[in-house]
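Residue numbers (UniProt numbering): 1 to 211.
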């Protein structure tokens with residue numbers, strides 16, 4: 001085995017220093033990681049979250065025959081209880097899922113939707129920019145035949161602080177879509193949310209991240 005601590009130890013000064021020697025004649029280290037956290041190597045599955053309880057819930061799902069999608073949904077719900085300052089039902093979600101058997105990567109966009117009756121025309125009417133500014137912007141946007149190509153012009157600063165900019169949170173629907181699309185089929189959606197519900201009902205210790 002290659003010497004992980006390629007440097008020496010200075011006993012005379014009382015200080016200990018370690019380093020990775022990348023110039024030795026031994027085999028190259030497969031994981032030359034410099035940091036206070038060691039690499040984690042696993043064979044059958046791995047869960048990494050900012051909350052130990054959430055990680056344990058994900059591991060439990062895997063041990064009970066679930067797949068990565070099942071575990072991810074259960075973990076996301078648990079983190080909404082354990083660390084609501086970072087994630088929760090009031091936000092959005094995005095998922096990249098790799099299927100090892102087909103070697104395909106798919107994406108789920110769980111970003112929130114605008115209200116169904118909100119139209120571009122309504123936004124342009126409520127938040128117009130000066131006519132001169134709109135004309136100046138459109139002057140440089142023409143069709144190939146030379147005709148004008150008008151583009152929507154909206155006062156984005158004013159729009160960003162308006163009620164029109166509010167979207168319907170997409171997290172819950174994204175979790176459900178992840179379960180339906182990539183889940184193992186061994187768990188109901190309710191079963192994946194049950195650990196989080198139990199945490200919310202019984203109470204949890206507030207972690208340093210949340211506090």
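Virtual Cβ for every residue (Gly too), placed ideally from N, Cα, C.
Which residue wins for smallest C-alpha separation from residue 45, given the options 113, 55, 38? From the listed residues 113, 55, 38, the smallest Cα separation to residue 45 is found for 55.
Name the two residues that bound the continuous alpha helix (DSSP H) containing residue 181. Residue 181 -> alpha helix (DSSP H) spans 171-182.
In terms of alpha-carbon separation, which member of 126, 208, 77, 96 lies closest to residue 200? Ranking the options by Cα distance to residue 200, first place goes to 77.
Over the uninterrupted beta strand (DSSP E) stretch that includes residue 106, give me the two end residues. Per DSSP, residue 106 is one residue of the beta strand (DSSP E) stretching across 104-110.
Please report how far the alpha carbon of residue 196 lies from the alpha carbon of residue 79, in whole angstroms. In a straight line, the C-alpha of residue 196 is about 8 angstroms away from that of residue 79.
Beta-carbon separation of residue 112 and residue 170 under 7 angstroms? The answer is yes: Cβ separation under 7 angstroms.
Bridge partners - residue 99, DSSP secondary structure assignment: In DSSP, residue 99 forms a bridge with 104.
Per DSSP, cross-strand counterpart(s) of residue 205: In DSSP, residue 205 forms no bridge with anything.
Could you say which of 101, 117, 68 lies nearest to residue 163 if we only look at CA atoms? Minimum Cα distance to residue 163 is reached at 117.
Using CA coordinates, which residue listed in 100, 70, 166, 119 is at the minimum distance from residue 47? The candidate whose alpha carbon is nearest that of residue 47 is 70.
Please classify residue 189: does DSSP put it in a helix, a strand, or coil? Secondary structure of residue 189 (DSSP, three-state): helix.
What three-state label does DSSP hand residue 21 in the structure shown? At residue 21, the pLDDT of 42 sits below 50, so the modelled position is not reliable; the number obtained from the coordinates is stated separately. Residue state, collapsed to three classes: coil.
Taking residue 86 as the reference, give the member of 104, 115, 122, 49 with the closest Cα. Ranked by Cα distance from residue 86, the options 104, 115, 122, 49 are led by 49.
What residues in its chain sit with their C-beta under 8 angstroms from that of residue 94, if we drop five residues either side in the sequence? For residue 94, where only same-chain residues beyond five positions count, the Cβ hits under 8 angstroms are 107, 108, 109, 110, 111, 174.
I need the DSSP call for residue 161, collapsed to helix, strand or coil. Three-state DSSP puts residue 161 in coil, outside helix and strand.
Please state whether DSSP places residue 129 in a helix, a strand or coil. If DSSP states are grouped into helix, strand and coil, residue 129 belongs with coil.
Considering only residues of the segment 55-94, which uninterrupted alpha helix (DSSP H) runs meet the minimum length of 4 residues and lie entirely inside it, listed in chain order? The segment 55-94 is shown to contain whole alpha helix (DSSP H) runs of 4 or more residues at 68-82, in chain order.
Could you check if residue 63 is buried or exposed, using at least 16 other CB atoms within 10 Å of its CB as the buried criterion? Residue 63 comes out exposed.
From residue 182 to residue 103, what distance separates their C-alpha atoms? Each residue's alpha carbon lies about 14 angstroms from the other.
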